[in-house]
Amino acid sequence: QVQLVESGGGLVQAGGSLRLSCAASGSIFSTISPMGWYRQAPGKQRELVARIYSGGSSNYADSVRGRFTISRDPAKNTVDLQMNSLKPDDTAVYYCFAWRAGSYYWGQGTQVTVSS
């Protein structure tokens, strides 16, 4: 089992920055791979934003590459998403996810709203 607790998010103006954090518990952190973030905007499908593997490699959606950075801290059992140069199109509920032993685990979601 993996429990995920998210923090961060909120309201920011276009061009601003936010940082999301996801803390994992319940399993050895190094066995949880990948971890990352999906997002879902109203009326749209959930989409992968970024993910990072235990070895450190990462993937990004084309729409966020160069603006968002995902990082993993084994000492804190956390995965963070630094979001810079935010756009109104980034407005969505962001969900942390983890993959372990053939199962997905999800956080409760955190709202990110970018005003124009």
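Under our numbering, the first residue of the sequence shown carries the number 60, and numbering increases by one thereafter.
In this text, a Cβ means the ideal position worked out from N, Cα and C, and glycines have one as well.
Note that the structure is predicted; figures quoted are calculated from it, not measured.
Apply the 10 Å Cβ neighbour rule to residue i and answer buried if 16 or more other Cβ atoms are within range, or exposed otherwise.
| i | result |
| --- | --- |
| D132 | exposed |
| T90 | exposed |
| R159 | buried |
| R110 | buried |
| T154 | The sequence shown places Tyr at residue 154, rather than the Thr named in the question. Result: buried. |
| G68 | buried |
| A73 | exposed |
Three-state secondary structure (DSSP) at residue i?
| i | result |
| --- | --- |
| D149 | helix |
| S175 | coil |
| Q170 | strand |
| A157 | strand |
Contact defined as beta carbons within less than 8 Å: I believe residue i pairs with residue j. What is the distance between those atoms, to the nearest angstrom?
| i | j | result |
| --- | --- | --- |
| S86 | Q104 | Wrong, their Cβ atoms sit about 28 Å apart, outside the cutoff. |
| G168 | L63 | About 10 Å; that fails the 8 Å criterion. |
| V108 | A120 | 6 Å |
| M94 | A134 | With 8 Å as the limit, M94 and A134 do not qualify as a contact, their Cβ atoms being about 15 Å apart. |
| V173 | K146 | 6 Å |
| S92 | S113 | 4 Å |
| N118 | F88 | Going by Cβ atoms, the distance from N118 to F88 rounds to 19 Å, so no, they are not a contact pair. |
I'd like the ranges of any beta strand (DSSP E) spanning at least 3 consecutive residues and lying wholly in the stretch 63-96.
69-72 and 77-84
Inspect the CB distances between the stretch 134-151 and the stretch 91-101 and report whether three or more fall short of 8 Å.
yes
Segments assigned beta strand (DSSP E), at least 3 residues, entirely inside the stretch 95-155:
106-111, 117-119, 127-132 and 137-142
For the stretch 135-146 against the stretch 65-80, do three or more pairs of beta-carbon atoms, one drawn from each stretch, fall closer than 8 Å, so that the two count as touching?
yes
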